[in-house]
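Report on the following structure.
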Amino acid sequence: MERASTQAEPQALARGCPTLPVDPFDEAFLADPYAHHESIRDAGPVVWLERIGAFGMARYAQVQAALRDHETYCSGRGVGLADFAKEEPWRPPSLLLEADPPLHDRTRGLMNRIVSLKALKALRPTWAAHAEALADELLEKRRFDAVADLGEAYPMRVFPDAIGVPAEGREQLLVYAAATFNAFGPRNAVFERGNAIAGDAVAWVAQACKRENLAPGGWGRAVYEAADTGECTSEEAERLVRSFLSAGVDTTVNGISHMILALATHPDQWERLRAEPGLAKRAFEESLRWDSTVQTFFRTTARDVTVEGTSIPEGSKVLLFLAAANRDPRRWEAPDRYDLSRATSGHVGFGFGIHQCLGQMVARFEGELVLEALIPRVREIRLAGEPERRLNNTLHAIASLPVEIEPA
Ligand code: 8QM
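Per the numbering used here, the very first residue in the sequence shown carries number 2; after that it's consecutive.
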């Protein structure tokens, strides 16, 4: 096997930082990003990625500092490779993810009130019952695909109903999300493959975001109710509902799938979790640190900035390797180990700063409820075949994960 570090050897210091020839969106990289992270982290605190024409940061300290400094590292020019100041966005920009204050703070404030702890607590009994029913079905099967039958099945049973989207055609949410997350990368073959089949999904999502198609009592309708009180316009409400549908599915699908992968490949940790079910929260959190679903996001510099001696001019794209930061040995001890003893706080799997994941409580609820259903029922989880990857420009995604479980 060719060593990733050979490929990423620094070539020059033209910009005051190492230039790397590695393309973080080519298929070899996307198939196994963790094989490449070390060479990027070790090259320096800032690198120039000549293949994509962007700076990169892969160490925890710099990634976290950039996320914290939203004035220097803005989001309004896009969090993908495309600079919205120069290029047409793939879709009308998100009013949350691809917005800066003051717009961002207004939209974020109203969305935070909808996705409140109180709202989640109201859903908890239903979501717990779904998790338990699903766990019983999986025990009947014994052998199943932890992606299709659990990672996808669970969020698809609970999340679209919480938003209130139509039942017919919901599978389009997965197609839409894959295309959306690909669009943060370059227009490479991975993007083109997803985009070629996304037309129907884009149209379905656009319809699902309309007020008349959203069920009363759901979070979708609640956004329009905020429009009624003047907190946003109804056009903004439509696009904010789109944010729920963009961000809420493929992320939790792969988060739950990776959590199962972590536990299936670390049987000692599953045993410990069964002995100490109170560790369920940490088990999910550590799985996000260990394998971060959202691998990367870009920022754009809103002014000239110097980082550890490297001058980054205004208008530069900077690729933040969240997943590499979450395994930076400068920050984490034995970072490649999935370890329930670890203090996971500070991981950047949900980002950091003002854009930190709006749905993080939803994701945690889902992850924990799945675990709480499995822990008392399942003695052992083991791989029953090779996991298959699904390449995506932003997400670390799994296409299938064959597992076998033993009843408790
Ligand atoms: C990623 O459309 C949006 O607002 C949006 C899309 C994707 C995400 C967040 C927001 C981080 C999960």
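For glycine and all other residues, C-beta sits at the position ideal for the given N, C-alpha and C.
Item                                                                                                                                                                  : Value
Under three-state DSSP, which class holds residue 91?                                                                                                                 : coil
Say yes only if the C-beta of residue 117 is nearer than 7 Å to one or more non-hydrogen atoms of ligand 1, and no if none qualify.                                   : no
Residue 183 and residue 176 look like a contact to me (Cβ under 8 Å); what is the Cβ gap, rounded to whole Å?                                                         : Actually they are not in contact, since the Cβ atoms of residue 183 and residue 176 sit about 11 Å apart, beyond 8 Å.
Which residues mark the beginning and the end of the alpha helix (DSSP H) in which residue 55 is found?                                                               : No alpha helix (DSSP H) holds residue 55; the beta strand (DSSP E) holding it covers 55 to 58.
Tell me which residues share the same chain as residue 143 and place their Cβ nearer than 7 Å to its Cβ, disregarding the 5 neighbours each side in the sequence.     : 405 and 406
Kindly indicate which residue of 37, 220, 206 and 299 has the alpha-carbon position closest to the one of residue 116.                                                : 220
Identify the residues that DSSP records as bridge partners of residue 177: which are they?                                                                            : None, per the DSSP bridge assignment.
Going by CA-CA distance only, name the one from 155, 145, 351 and 327 that's closest to residue 403.                                                                  : 145
Tell me the DSSP secondary structure of residue 382 in three-state form.                                                                                              : strand
Less than 6 Å between C-beta atoms, sequence neighbours within five positions excluded: which residues of the same chain meet that for residue 136?                   : 374, 375 and 378
Count the other CB atoms, across all protein chains shown, that sit within 10 Å of the CB of residue 65; report buried if there are 16 or more and exposed otherwise. : buried
For residue 104, which residues in the same chain have their Cβ closer than 7 Å to its Cβ, ignoring the five residues on either side in sequence?                     : 96
From the DSSP output, in three-state form, read off residue 126 for me.                                                                                               : helix
So, under 8 Å CB-CB, residue 67 and residue 61 are touching, yes? Tell me the CB distance rounded to an integer number of Å.                                          : Between residue 61 and residue 67 the Cβ distance is about 11 Å, and since that is not below 8 Å, they are no contact.
Residues in its own chain within less than 6 Å of residue 216 by CB, not counting five upstream and five downstream?                                                  : 165
When the distance is taken between beta carbons, is residue 322 closer than 8 Å to residue 41?                                                                        : yes
Quick check on the DSSP output: the alpha helix (DSSP H) that includes residue 253 runs from which residue to which?                                                  : 251 to 266
Is the CB-CB distance between residue 152 and residue 247 below 8 Å?                                                                                                  : no
Quick one: does the C-beta of residue 247 sit closer than 7 Å to a heavy atom of ligand 1?                                                                            : yes
I need the DSSP call for residue 322, collapsed to helix, strand or coil.                                                                                             : strand
Can you say whether residue 230 is buried or exposed, counting buried as having 16 or more other CB atoms within 10 angstroms of its CB?                              : exposed
For residue 268, which option in 239, 340 and 310 has the closest C-alpha, if you only look at C-alpha atoms?                                                         : 340
Which residue marks the beginning of the alpha helix (DSSP H) containing residue 247, and which one marks its end?                                                    : 235 to 248
Do you know offhand how far residue 365's Cα is from residue 90's?                                                                                                    : 31 Å
Look at residue 149 and residue 401 and say whether their C-beta atoms are less than 8 Å apart.                                                                       : yes
Nearest to residue 325 by CA position, among 157, 335, 343 and 297, is which residue?                                                                                 : 297
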